[in-house]
RNA sequence: GCAGGUGUGAUCUAGUUGGUUAGGAUUAAAGCCUUCCAAGCUUUCAGCCCGGGUUCGAAUCCCGGCACCUGCACCA
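In the working numbering, the protein residues as written are 8 to 502.
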């Protein structure tokens, strides 16, 4: 199964390793002709859905390179760096701070490299595996450093997450957008992490794409801005910490999550929205979707509440993280207020508020992979059952055979549909082969011009999910196309 | 980063006690045929991960690198 998705991803132009012809570098991927557009469609669907949650949510596009000071304030310069010590014999690398903490039961996070070496010597620590002494401690920073300017004196980094760009822009947007909360800033863009050993395909990349919505809000009033009644009677797939090892997840009522499990109401409302996005827009089967609660130990200290969004992926062997919902409190703005000296507190109706952040963070590459993993089936041949809004081609138009009577009609239909949609028009080989090709890249509808239809101005339209066909009038095609693509009409409802 | 395994056209693969022009299937392209689901026939394009070494001769053996897979470690 894994091989199938991977091989199809390559063969049909979705995604593969970057710089292949030079032997490639781990952790970097290129999107091809089908993949790039599929990714764009996912991003568009995501943007439409989440920007639509509130009229005060906006798409912004901050720079990828950030000055050191900003990442110092965010904590990345210090915390995104691990001090490592390596065994001189078996080369097992361990986190130096954790090693010392275990031995002394005292925090060792702030020790310098020299102090670490001194402490290790003092405590007589050696490799736990082979008892050989450690080499000197060194730091490993997961951020890519760049030298800016001709002398390279301005230290900077490729951003390790898109979120920071939103935080840096908060104050200005609050002014521009007329001082209202909640304010949502959306970033869809690249982030960079120098992973030690990236593996598992697009699941861990060194250059990745994030789609994030940072909601700046007043925790005391935020819930009043939301239509909380939407949660009435609704259940959310959740695996709480104490359910681990026993069950993958359990549908739990929103009300219960709020009252019994003490989650903020606004948090649960957003869980519901995210679940709706995955189940309705992306069409993930309900039993393959869950929220995964992070334990206090697992989550970052500034996250007051943290669930990952996980999808059960056959290619990755189970439930895997594709997004996260983090209630970060006022950590980020407070840090940047301290770091920059710029006041982040805002004044609302005479009340001074340091906005809190609710972060919706999605890994785009993982989500695109999820589309392939979930929607690729092996029914007839490979069939990618994409929701129509995500498909690279919305329609394909074929003459039943390469005959002079049929070809021009097919071409004119294709031209007509191309005004609004991406359309593939193909006349080569057998009709079955052309259908199969469209099945593999997830084109939802194939329109075929045949001899019967020439006489009465009709064509057949084929639904990729079922391979079922209907005969429709050419003159109705535009209306049919619109309703199929907008989701206002289903294929099964066609006469 | 460590240990083990693997690397052959676009994809999947045959071929390694060293020995002819590295074989097949699928895909792709062109054509013939064909009145609806990868049909058939003909033709064409295209490959030994990269670099070095041993040898009369290397896809095959050795060394180095890169990548992938599994386990360990790492994943603020």
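Glycine included, every Cβ here is placed at the ideal spot set by N, Cα and C.
Contacts around residue i, its chain only, beta-carbon distance under 7 Å, and the 5 residues preceding and following it disregarded
i	result
residue 10	Unreliable placement is indicated for residue 10, whose pLDDT of 49 sits below 50; the coordinate value is still reported in the next sentence. For residue 10, where only same-chain residues beyond five positions count, there are no Cβ hits under 7 Å.
residue 15	383, 389, 447
residue 17	23
residue 168	198, 217
residue 230	272, 273
residue 261	238, 241, 243, 275, 279
residue 8	Its pLDDT being 40, under 50, residue 8 is placed unreliably by the model, and nothing is read from it.
Residue i - DSSP class collapsed to helix/strand/coil
i	result
residue 315	strand
residue 408	coil
residue 420	helix
residue 474	coil
residue 396	helix
residue 368	strand
residue 294	helix
residue 18	helix
residue 258	strand
residue 498	helix
residue 228	coil
residue 91	strand
residue 66	strand
residue 158	coil
residue 210	helix
residue 403	strand
residue 386	coil
residue 8	Residue placement at residue 8 is poorly supported in this model, since its pLDDT is 40, which falls under 50; the coordinates still yield a value, given next. Looking at residue 8 - three-state DSSP - the assignment turns out to be coil, as it is neither helix nor strand.
residue 528	Not covered by the structure: residue 528. The range shown for the chain is 8 to 502.
residue 413	coil
First and last residue of the uninterrupted beta strand (DSSP E) at residue i
i	result
residue 36	36 to 38
residue 222	214 to 224
residue 268	First-last for residue 268: undefined, no H or E at that position.
residue 513	Outside the displayed range of the chain (8 to 502) lies residue 513, so it cannot be described from this structure.
residue 171	Not the beta strand (DSSP E): residue 171 falls in the alpha helix (DSSP H), residues 170 to 183.
residue 161	161 to 165
residue 323	Note, residue 323: premise wrong, no beta strand (DSSP E); not H, not E.
residue 198	190 to 199
residue 304	Premise fails: residue 304 is in no beta strand (DSSP E) and is neither H nor E.
residue 358	358 to 360
residue 286	Element bounds for residue 286: n/a, residue is neither H nor E.
6 Å CB neighbourhood of residue i in its chain, flanking five on each side removed
i	result
residue 443	388
residue 493	none
residue 477	468, 501
residue 244	256, 258, 296, 297
residue 187	63
residue 13	none
Beta-carbon separation (whole angstroms), residue i vs residue j, contact threshold 8 Å
i	j	result
residue 330	residue 402	That belief does not hold up - the Cβ atoms of residue 330 and residue 402 are roughly 30 Å apart, past 8 Å.
residue 323	residue 400	The Cβ separation is near 27 Å, so there is no contact.
residue 39	residue 23	7 Å
residue 438	residue 407	6 Å
residue 413	residue 456	5 Å
residue 7	residue 221	Not covered by the structure: residue 7. The range shown for the chain is 8 to 502.
residue 372	residue 65	About 24 Å; that fails the 8 Å criterion.
residue 50	residue 183	Not quite, the Cβ-Cβ distance comes to about 24 Å (not below 8 Å), so this is no contact.
residue 362	residue 225	7 Å
residue 141	residue 127	6 Å
residue 275	residue 264	5 Å
residue 74	residue 161	7 Å
residue 318	residue 228	Residue 318 to residue 228, Cβ: 33 Å. No contact.
residue 144	residue 92	5 Å
residue 217	residue 25	Not a contact, Cβ separation roughly 18 Å.
residue 290	residue 309	Rounded, the Cβ-Cβ distance is 34 Å, inconsistent with contact.
residue 420	residue 481	7 Å
Enclosing alpha helix (DSSP H) for residue i [first to last residue]
i	result
residue 342	338 to 347
residue 484	484 to 493
residue 439	438 to 448
residue 278	272 to 283
residue 380	371 to 382
residue 122	120 to 130
residue 481	Unbroken run through residue 481: none, as it is neither H nor E.
residue 151	Per DSSP, residue 151 belongs to no alpha helix (DSSP H) and is neither H nor E.
residue 81	75 to 81
residue 87	Taken as a continuous stretch (DSSP letters only), residue 87 belongs to no alpha helix (DSSP H), as it is neither H nor E.
residue 458	458 to 463
Same chain only: Cβ atoms within 8 Å of residue i, ignoring 5 sequence neighbours per side
i	result
residue 385	11
residue 20	39, 40, 41, 42, 448
residue 450	398, 399, 400, 401, 402, 403, 431, 471
residue 349	178, 343
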